[in-house]
Amino acid sequence: TQAASQDALDQIKSANEANLRSQLEQRIRELEAELGRARSGQQDSLSLRESARSELDRYRELYSDELRLRKALAAKLDRANDRLADSNAKLLSERHRSKSLMASGMANGSLTGPPLDLGSLGSLGSLGSPLPAYGASLGRSLGLGPGDRQGSRVEEYLAKMQSELERNISKELTQ
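In our numbering, the protein residues as written are 4 to 178.
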């Protein structure tokens, strides 16, 4: 009976060991699966982080490009505004000079004077609107009729001056 008890004990130990072994193998499989999921999650996280980093770099570059472009455009706009201010000042100066020449011509009785130097106007920039027809309106405001010889010369002179100004403006607008 002792041998039978020993056999029964060995069988119970053997069954217990087999049961324990299968439980440990099951636990190992569960832990390996969990480790696989953790590694997969970490890989996904790294991928996501790398993707976010590359997108961030792309947006930084786009922002930097936009800043450079804005600065360049602002500088270009400042230069254009400076040219426009200079041109407006020159145009105003020429108008005053023209009016004073007309007034002195009327006072002297002769309307001939030095030709208007349109080259001194330089670049007119983008004024954005055509000049009004000064030749005809100025001739009328001086009380000179179309049949008057001096009035005709003034109108021709002013029409020539206006066409030169418009040509310079058009040339600047196309540049």
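A virtual CB, placed ideally from N, CA and C, is assigned to each residue, including glycine.
Given the structure is predicted, the values throughout are model-derived calculations rather than measurements.
- If you draw a 10 Å sphere on the C-beta of Tyr66, you find fewer than 16 other C-beta atoms in it, and that means exposed.
- Taken through DSSP and simplified to helix, strand or coil, Gln178 comes out as coil.
- Ala77 and Asp47 have their C-alpha atoms spaced approximately 44 Å apart.
- By the Cβ neighbour-count rule, Ile31 is exposed, with fewer than 16 other Cβ atoms within 10 Å of its own.
- Restricting attention to alpha helix (DSSP H) runs no shorter than 4 residues, the region 31-78 encloses none.
- Taking all protein chains in view, the Cβ of Tyr160 is crowded by 16 or more other Cβ atoms within 10 Å, so the residue is classified as buried.
- Around the CB of Leu168, 16 or more other CB atoms lie within 10 Å, so the residue is classed as buried.
- Between Asp13 and Thr4, the alpha-carbon positions lie close to 14 Å from each other.
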